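Numbering (mature numbering (1 follows the signal peptide of the UniProt record, and there is no 0)), first residue to last: -24 to -1, 1 to 377.
Glycine included, every Cβ here is placed at the ideal spot set by N, Cα and C.
None of these values were measured; they are calculated from a predicted model.
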């Protein structure tokens, strides 16, 4: 038994402690428990995901072969094998929990879970297929298991669940972490319809000082009218739409967590300094080329409405209890027993089968784009990087969205 197989045996001995491994030459199945069998392609995709995840772990030097490094004090190969085995155990655990909670997946839900991976599969099917990953195997890990995971999470922590989060707690979370605002954005650039750039897009130029002054005065007029109650934000937006001869809706309304929304720092600072109901003219011309009519709403009045949307309800639920759920699932996966792994499949499909897809990058590229696993010179490598970045996080309560 060579060194690689010794590592594989050690890894599986640790992960499948109370389980068993079947040692025959049959590679038609990867794992079994009861009447449920996992196909080899699912295991191979688990190896791919583990390799992808390894590239993001602390201390990994992307300018070197990942398999020659260590993760959490273990050889990377051993770490990947453990991750892949845990991914398989997770499939059985999630199916068990679905049965325990009396949950089922409708045909519509399964179809939606499959469709969630359409774009990724369309782009990277050649990479996956060439390594033995069928569309059915891909769908199971990319779509179905994350969808079941979300359903279990909702059943436990959602309305009527054994660990239901009270609506009052969810509203409090929104009011402490989210900001409600509406704004009208006016560009400080103008489009020259008679000329275009080399790429074919219309040419733009800065407004003149006189034009900027006129625009500022117009917008300040809206601010004053909204303040004194003679105009609503919607009416101000409609007035600006007519003034600027635009065709689209000009009022933008948001209820967001500013720390994660990705708005310009200047906008976040303005909103942080404003009181509920306050209206301001904001100059963001230097950073994003916009003047704003900005109004901060009362988040306390918005929290109940925010939770009426199913996706937003789940978003807040995940923010509050997602980490707790993830940690509990990891503990259950680690303690899960009774799965029989096919040693012949484990031996045949080692992480090294994806070495070509995850080649080292130059030291310059590695330092400038930590987390990228693709070599610019290899098509398979770039595909692997893109596919990995598109893959859902299996352990997350909100995975696969």
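Under the three-state DSSP convention, the category residue i falls into
i: residue 65; result: helix
i: residue 239; result: coil
i: residue 328; result: helix
i: residue 312; result: coil
i: residue 138; result: coil
i: residue 162; result: strand
i: residue 303; result: helix
i: residue 248; result: helix
i: residue 148; result: helix
i: residue 178; result: strand
i: residue 208; result: coil
i: residue 334; result: coil
i: residue 222; result: coil
i: residue 285; result: coil
Closest Cα partner of residue i within the set the options
i: residue 195; options: 224, 182, 164 and 181; result: 164
i: residue 53; options: 262, 31 and 225; result: 31
i: residue 99; options: 85, 180 and 114; result: 114
i: residue 192; options: 162, 123, 107 and 167; result: 162
i: residue 281; options: 151, 264 and 236; result: 151
i: residue 274; options: 284, 259, 252 and 257; result: 252
i: residue 33; options: 211, 50 and 21; result: 50
i: residue 56; options: 103, 336, 185 and 19; result: 19
i: residue 278; options: 156, 248, 225 and 224; result: 156
i: residue 9; options: 337, 312, 325 and 107; result: 312
i: residue 202; options: 223, 158 and 141; result: 158
i: residue 117; options: 144, 140, 102 and 86; result: 86
i: residue 223; options: 6, 15 and 213; result: 213
i: residue 240; options: 301, 254, 147 and 261; result: 261
i: residue 111; options: 318, 335 and 21; result: 21
i: residue 310; options: 46, 160 and 68; result: 68
i: residue 146; options: 297, 325 and 14; result: 297
i: residue 378; options: 316, 327 and 166; result: No statement about residue 378 is possible, as the shown extent of the chain runs from -24 to 377 and does not include it.
i: residue 92; options: 120, 29 and 206; result: 120
Residues sharing a beta bridge with residue i, DSSP
i: residue 230; result: 157
i: residue 267; result: 162 and 259
i: residue 115; result: Answer is none; residue 115 lacks a bridge partner.
i: residue 168; result: 179
i: residue 272; result: 157
| message | In chain order, what are the residue ranges of uninterrupted beta strand (DSSP E) at least 3 long that sit wholly in the segment 2 to 46? | response | 7 to 9 and 12 to 14
| said: Three Cβ pairs or more, each shorter than 8 Å: is that satisfied between the segment 320 to 332 and the segment 35 to 49? | reply: The segment 320 to 332 makes contact with the segment 35 to 49: 3 or more CB pairs, one atom from each, lie closer than 8 Å.
| task | Take every Cβ of the segment 128 to 141, pair it with every Cβ of the segment 288 to 308, and state whether three or more of those distances are shorter than 8 Å. | result | Below 8 Å, enough C-beta pairs join the segment 128 to 141 and the segment 288 to 308 to call them touching: three or more.
| query | Do the segment 217 to 225 and the segment 260 to 268 touch if we need at least three Cβ pairs shorter than 8 Å? | reply | no
| field | Length-filtered (4 minimum) alpha helix (DSSP H) runs lying within the segment 48 to 98 | value | Secondary structure in the segment 48 to 98: the alpha helix (DSSP H) runs of 4 residues or longer, each lying completely within the stretch, are 52 to 76 and 83 to 91 in chain order.
| said: Three or more C-beta pairs under 8 Å: does that hold for the segment 13 to 28 against the segment 53 to 66? | reply: yes
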